[in-house]
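S.K.:
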Amino acid sequence: MEQNIDQAKLNYMNKRSRKILFIVFLSIALVMTAVISITMGASSVDFQTVLQVIGDVFVRNDAITDIQRDIVFKIRLPRIITAILVGMALSNAGLLMQGIFQNPLVSPYTLGVSNGAAFGASLAIIFGASFSFLNFGEFLIPVFAFGFGVLTMFLVYGVAKVASDSSSTLILAGVAIGYLFSALVSLVKYLSDVKDLPELVFWMMGSLSGVPTVGIIIMLIAITITMILMMWFAWDLNIMSAGEETAVSLGVNYKKVKMMSFGISTLLTAVAVSFTGVIGFIGLVAPHVTKMLIGNDFRYSVPGAALVGALLLLIADTIGRNIIAPTQLPVGIVTSIIGVPFFLYLIVRKRGK
Amino acid sequence: MKKHGKRALKWLFCMAVLGAMVFSFGGCSSSQGDAKAKDSKDGITVTDTMGREITIEKPLEKIVTYNSGLTDILVMFGAEKTVIGRGDSVPNPDPSVEVPTVGKWNEPNIEAIMELKPEAVFTYAANMTPENEQLLESAGIKCIYLELTDVSKATEEVTALGALFGNEEKAAEFVKFHDKYAELIEKKLKNVKEEDKATIYYEGYTDYKSVNKDAGGQALIDAAGGINIAAAETAKYPEISDEWLLERNPDAIVKLVSSTKKIMGFDLTDEAPIKDFYNTLIARPSWSNLQAVKDGKVILLSSDVGTTALGSIIGELYLAKTMYPEQFKDVDVNKVHQELQKTLYGDDLVGIFAYPAK
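These protein sequence lines are chains A and B, in that order. Taking my numbering, the leading residue of the first sequence gets 22, the next gets one more, and so forth. Taking my numbering, the leading residue of the second sequence gets 589, the next gets one more, and so forth.
(1) How far does the alpha helix (DSSP H) with Y866 (chain B) in it extend, from its first residue to its last?
(2) Taking the alpha carbon of K758 (chain B) as the reference point, which residue from B:A840, B:L833, B:I809 and B:V663 has its own alpha carbon closest?
(3) I344 (chain A) and V107 (chain A): beta carbons closer than 8 Å?
(4) Can you tell me which of B:V799, B:I809 and B:G804 puts its alpha carbon nearest to the alpha carbon of A818 (chain B)?
(5) Residues of chain A with a CB under 7 Å from the CB of I823 (chain B): which are they?
(6) List the DSSP bridge partners of E827 (chain B).
(7) Using DSSP's beta-bridge definition, name the partner residues of S890 (chain B).
(8) Can you confirm whether M230 (chain A), when its beta carbon is compared against all beta carbons of chain B, has any partner nearer than 8 Å?
(9) Please list, in chain order, all residues of the same chain as S64 (chain A) whose beta carbon is under 6 Å from its beta carbon, the five residues on each side excluded.
(10) Based on the DSSP secondary-structure assignment, which residues constitute the bridge partners of Y790 (chain B)?
(11) Which same chain residues end up closer than 6 Å to A375 (chain A) when comparing Cβ atoms and leaving out the 5 residues on each side of it in sequence?
(12) Helix, strand or coil: which one does DSSP assign to F916 (chain B)?
(13) Below 7 Å CB to CB, which residues in the same chain sit around P688 (chain B) once its five sequence neighbours on both sides are set aside?
(14) Look at the alpha carbon of S295 (chain A) and the alpha carbon of L176 (chain A), and state the distance between them as a whole number of angstroms.
(15) Run down chain A in chain order and give the residues with a C-beta less than 8 Å from the C-beta of E831 (chain B).
(16) With a 10 Å radius around its C-beta and 16 neighbouring C-beta atoms as the bar for buried, classify T348 (chain A) as buried or exposed.
(17) Please list, in chain order, all residues of the same chain as V206 (chain A) whose beta carbon is under 6 Å from its beta carbon, the five residues on each side excluded.
(18) The alpha helix (DSSP H) spanning V323 (chain A) covers which residue range?
(19) Can V292 (chain A) and A110 (chain A) be called in contact, C-beta distance under 8 Å?
(20) Beta-carbon separation of D855 (chain B) and G939 (chain B) under 8 Å?
(21) Which residues in the same chain as E725 (chain B) place their Cβ atom closer than 7 Å to its Cβ, once the five residues preceding and following it in sequence are excluded?
(22) Is the separation between the beta-carbon of F302 (chain A) and that of S230 (chain A) shorter than 8 Å?
(23) Any beta-carbon of chain B closer than 8 Å to the one on E159 (chain A)?
(24) Near G631 (chain B), which residues of its chain fall below 8 Å by C-beta distance, leaving aside the five closest residues on each side in sequence?
(25) Output the distance between the C-alpha atoms of A327 (chain A) and S112 (chain A), rounded to the nearest integer angstrom.
(26) Does the contact criterion of 3 or more C-beta pairs under 8 Å hold for the segment 830-850 of chain B versus the segment 877-888 of chain B?
(27) Can you list, in chain order, the stretches of the alpha helix (DSSP H) that have 4 or more residues and sit fully within the segment 236-287 of chain A?
(28) For the putative contact between M118 (chain A) and P125 (chain A), defined by C-beta atoms under 8 Å, what is the C-beta separation to the nearest angstrom?
(29) So, under 8 Å CB-CB, D935 (chain B) and Q929 (chain B) are touching, yes? Tell me the CB distance rounded to an integer number of Å.
(30) Per the contact definition of three or more C-beta pairs closer than 8 Å, is the segment 766-774 of chain B in contact with the segment 893-913 of chain B?
(31) I want to verify the contact list: residues of chain B whose CB lies under 7 Å from the CB of I345 (chain A), in sequence order.
(32) Any contact of the segment 713-724 of chain B with the segment 872-880 of chain B, i.e. 3+ C-beta pairs under 8 Å?
(33) So is V610 (chain B) buried or exposed if we call it buried at 16+ other beta carbons inside 10 Å?
(34) Taking DSSP's pairing of strands, which residues face F710 (chain B) in a bridge?
(35) Helix, strand or coil: which one does DSSP assign to G813 (chain B)?
(36) To the nearest whole angstrom, what separates the beta carbons of I146 (chain A) and W224 (chain A), a pair I think is in contact under 8 Å?
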C-alpha cells in the first residue's frame, strides 16, 4: 500500500516536473523568438545593427543613426511587447471561458465582447467628428471599444441573470447580443461614407502597430493582476472543471469564482481588442494547444496558455511584418493561415496517438 | 517505415490545406478607356471612363447621381438643377430644393431610379451589375460612368460632361485652366533631372495606408513630378511598414484628410483642429528624424482637392509646391484656388484645403 502511494507520488512529481520543464521551454522559446523578431523587419536594421544599437546604450557609437535607434526601441520593441501581451491576454481569456463553460468551442469572443468593442470602435471611426467635444484625441477609438466591450458584458450578464443564470443561458445570451452588435456594426458600415470604410475594415482585421505606450502599460497591468488572480484561484478552477455540483460539494464558492472568471476574461479581451482591433483564432486555439501539451491543471495551464498565446501571436506578427515587406499583412489573417494548419496537425497527431 | 509514411501523409495533408487557403486569394482588374466627346447630327456622343460610347439626343435635363465628385462639376456648369435623385453620400447640389436620396452610394436602388424617370444615371462602374444596367437601359435610362477619380483623365471627363449637359464653354474653360497650370508645372520642373526628382510618401485616410502605381494617388504624384515610394507594392492600397518608411526617408509626405473628419474642406475655417491633426501626424515614432519633416515638406490635403477633378489642378499644385518649394516659390496655390473658384464657379472660396498653407 505504502509502495503504491510512493509510486503515485513519484508519477505525480514526474508529471509536475515535465509541466514545469515545458513552461521553462516555452519561456526560452518566447525569448528566442522575440530576439529573432527584433532583428527582422522591412528596413535594413539586422541582427548586427540591433547589437550595435543595444551596445550604443552603454557606449556611444556614432555609426548608429537616430532612425536605427528608433526602429529598434520605438517601433520593433513596443510591437513585440504588444504581441506578447495581447497573445497572453486573449489566450488566458479563452482558457478561462473554456474552463468555466466546459465547452471547447468557446473563445474570448463567444460572449459578444469583440462585437460590442467593434461597434464602439465603428462609432468612433465613422462618427468621430461628432465626438470631438470629448477631447479623447487618439484614444477615442480604444475608449469607445473598451466601453462598449464592457457594456456588452453587463448586457449579457443581465439577460442571463433575469433568465436562469446557467452557463448555457449565458452563452446563448452572449451569442445573441454579439449578433445584435454585429448587425449594428454592419448598419454603421452601411451608413458610412466610402472614405471612412477602409479604416473600419482595417480595424476589424487587427493590427499590432502604433499601440501607444499608455496602452501597453494598461495591458501589462491588466494581465499581471488577472494572472495573479487566476493562479490564486487555480485550485477552485480545477475543481470547477468537474462540474458545478462537484465543486459546490467540495466547498468552492462556485458563483463567486464563475463571476470573477467571467469578469477577468471580459476585461482581458476588451483591453486587448480596444488597442489592437479584432485578432481572431489565438483565444480559441492557444488554450487547446496548451491543454493538449500539459493538461487541464490551471496552475500550469495559466502560465502555459499565456506563453503559447504570446508565442503564436509573436510568430504570426513577425511573419506578417516580413513576408511581403514593406507591405504589412494584417496579423488576423496570418494567425489563421499559419495557426489553422498547425492546429489541425495537433488534432491529427492526438487522434493518431 | 510505415510510421514515417503516416507522418509524411499527415504533413502533406496539412500543407495541402494551407496551400488551398493561400491560393484561394484571387484578384481582378478592369481596363478603362479615356473619356471623349463629339457632337454629330444624330446627337451627342461621348466616351465614358470605361471606354463605352454613349449617345444622347439632346443635353441631359434629368439625372440621378451616385458620384459625389460629379456635383462639383454640375455646380460649375450651373446644371445642379438637373439632379433629381442622388446617392446617400452625394451632397445636395441645390440648396433651394431637397433632392431625394435613392439608395446608398455603392448600391443603386433600381426601383427608386425608375420611379424618378431620369434620362441618365451616373454611378461608379464597379457598383452597377450588368443585369441592373440592362434593366435601366430597357427603361430608356442611360448608365454613364464618368468617375472623376483619376486626375490624368479629368480634362477628358469634364469635356464629356460639358457635352452631356450642354455647357461645352464652361468645360473648355476648365480645360484651359487645367492646361495652364499643367504647363506651369511642366515648365517649372523642366530642369529637374530624373535622379533629382523628389520622392514622396502618399498616405490615404487610414494610417500608413499608401497607394501603388495602379491607384488614383499615383496619377496625382506623377502630374506633380514626384516619385511614389510605394509604387511597386502589390496591393493597390498597401499598409506600409513604419520602419521601412523611416529608412526610405522620403523627400516629401502628403496625407489625405477625409471630408468626413470635418476639419478641412469647404466652409471649414478653424485652423486649430487641423493643427492638432498635423502635430499628431509628425509626432509619430521617429518622424522628427525624417527629412520631409525637418524640411517642412509635409502637407495635409483635403479630399476635395485630392483625386478629384479639382485635384487635377489644385491638388497637383499643392503637391508640386510641397516637393519643389524653390521652383514654386512665386506660386500661391491658395490664390490659384480662389481664382479658380471665381472664374469657374463665380463665387468666393471659403474653406481650408491644405495645411500648412502653400
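Ideal Cβ placement from N, Cα and C applies to all residues, glycine included.
M.R.: Considering the structure as presented:
(1) Position 278 of the second sequence holds residue 866 (chain B). If you look at Y866 (chain B), you'll find it in the alpha helix (DSSP H) that goes A860 to I870.
(2) Indexing the second sequence from 1 puts residue 758 (chain B) at position 170. Comparing Cα positions, the closest option is B:V663.
(3) Counting from one through the first sequence, the residue named residue 344 (chain A) turns up at place 323. Counting from one through the first sequence, the residue named residue 107 (chain A) turns up at place 86. Result no, Cβ atoms of I344 (chain A) and V107 (chain A) do not sit closer than 8 Å.
(4) By one-based count along the second sequence, residue 818 (chain B) stands at place 230. The residue with the shortest Cα to Cα distance from A818 (chain B) is B:V799.
(5) Translated into positions along the second sequence, residue 823 (chain B) becomes position 235. According to the sequence as given, residue 823 (chain B) is Ala; it is not Ile. Here the neighbours are T348.
(6) Position 239 of the second sequence, counted from the first residue, corresponds to residue 827 (chain B). Beta-bridge pairing by DSSP links E827 (chain B) to B:K797.
(7) Translated into positions along the second sequence, residue 890 (chain B) becomes position 302. Per DSSP, B:V845.
(8) Here residue 230 (chain A) refers to the residue found at position 209 of the first sequence. Before going on, a small fix: residue 230 (chain A) reads as Ser here, not Met. Answer yes: the Cβ-Cβ gap between S230 (chain A) and chain B drops below 8 Å somewhere.
(9) For the purposes of this step, residue 64 (chain A) is taken as residue 43 along the first sequence, with counting starting at 1. Only I92 meet the Cβ criterion.
(10) Translated into the one-based positions of the second sequence, residue 790 (chain B) becomes position 202. Answer is B:V842.
(11) Residue numbering for chain A in the displayed model covers 22 to 374; residue 375 (chain A) lies beyond these limits and cannot be assessed.
(12) Within the second sequence, numbered from 1, the residue matching residue 916 (chain B) stands at position 328. In the three-state reduction of the DSSP assignment, F916 (chain B) falls in the coil class, being assigned neither a helical nor a strand state.
(13) Here residue 688 (chain B) refers to the residue found at position 100 when the second sequence is read from its first residue. Same-chain partners within the cutoff: G673.
(14) Working through the first sequence from its first residue, we reach residue 295 (chain A) at position 274. Working through the first sequence from its first residue, we reach residue 176 (chain A) at position 155. Each residue's alpha carbon lies about 18 Å from the other.
(15) In the second sequence, counting from the first residue as 1, residue 831 (chain B) sits at position 243. Within 8 Å Cβ-Cβ: G62, A63, S64, V66, I92, I96 and R97.
(16) The residue you call residue 348 (chain A) lines up with position 327 of the first sequence. Classification for T348 (chain A): buried.
(17) Within the first sequence, numbered from 1, the residue matching residue 206 (chain A) stands at position 185. Answer for V206 (chain A): A139, F140 and S143, listed in chain order.
(18) The count along the first sequence starts at 1 and reaches residue 323 (chain A) at position 302. F319 to N343 is the span of the alpha helix (DSSP H), which, as asked, contains V323 (chain A).
(19) Indexing the first sequence from 1 puts residue 292 (chain A) at position 271. Indexing the first sequence from 1 puts residue 110 (chain A) at position 89. In this structure, V292 (chain A) lies near A110 (chain A), with their beta-carbon atoms less than 8 Å apart.
(20) Locating residue 855 (chain B) in the second sequence gives position 267, counting from the first residue. Locating residue 939 (chain B) in the second sequence gives position 351, counting from the first residue. Closer than 8 Å, so yes.
(21) Residue numbering aside, residue 725 (chain B) sits at position 137 when the second sequence is read from its first letter. Closer than 7 Å at the Cβ level, and outside the excluded window around E725 (chain B), lie C731.
(22) In the first sequence, the residue the question calls residue 302 (chain A) occupies position 281. In the first sequence, the residue the question calls residue 230 (chain A) occupies position 209. Cβ atoms of F302 (chain A) and S230 (chain A): not closer than 8 Å.
(23) Here residue 159 (chain A) refers to the residue found at position 138 of the first sequence. Closer than 8 Å to some Cβ of chain B, the Cβ of E159 (chain A) qualifies, so yes.
(24) Residue mapping note: residue 631 (chain B) aligns to position 43 of the second sequence, counting from 1. Result list for G631 (chain B): T643, I644, E645 and K646, in chain order.
(25) Taking the first sequence and counting its residues from 1, one reaches residue 327 (chain A) at position 306. Taking the first sequence and counting its residues from 1, one reaches residue 112 (chain A) at position 91. Taking the straight line from one Cα to the other gives about 6 Å.
(26) These segments touch.
(27) The segment 236-287 of chain A contains these whole alpha helix (DSSP H) runs: 255-261 and 265-270.
(28) Working through the first sequence from its first residue, we reach residue 118 (chain A) at position 97. Working through the first sequence from its first residue, we reach residue 125 (chain A) at position 104. So it is not a contact: roughly 10 Å between Cβ atoms.
(29) Taking the first residue of the second sequence as 1, we reach residue 935 (chain B) at position 347. Taking the first residue of the second sequence as 1, we reach residue 929 (chain B) at position 341. With 8 Å as the limit, D935 (chain B) and Q929 (chain B) qualify as a contact, their Cβ atoms being about 6 Å apart.
(30) At 8 Å Cβ cutoff, the stretches touch.
(31) For the purposes of this step, residue 345 (chain A) is identified with residue 324 of the first sequence, where counting begins at 1. Going along chain B in sequence order, the residues near I345 (chain A) (Cβ under 7 Å) are T822.
(32) The segment 713-724 of chain B vs the segment 872-880 of chain B: no contact.
(33) Locating residue 610 (chain B) in the second sequence gives position 22, where the first residue counts as 1. In this predicted model, V610 (chain B) has a pLDDT of only 40, less than 50, meaning its place in the structure is not dependable enough to derive any value.
(34) In the second sequence, the residue the question calls residue 710 (chain B) occupies position 122. F710 (chain B) is bridged to B:T653 and B:I732.
(35) Mapped onto the second sequence, residue 813 (chain B) falls at position 225. G813 (chain B) falls in the coil class under three-state DSSP.
(36) In the first sequence, residue 146 (chain A) corresponds to position 125, counting from 1. In the first sequence, residue 224 (chain A) corresponds to position 203, counting from 1. Correct: roughly 7 Å between the Cβ atoms.
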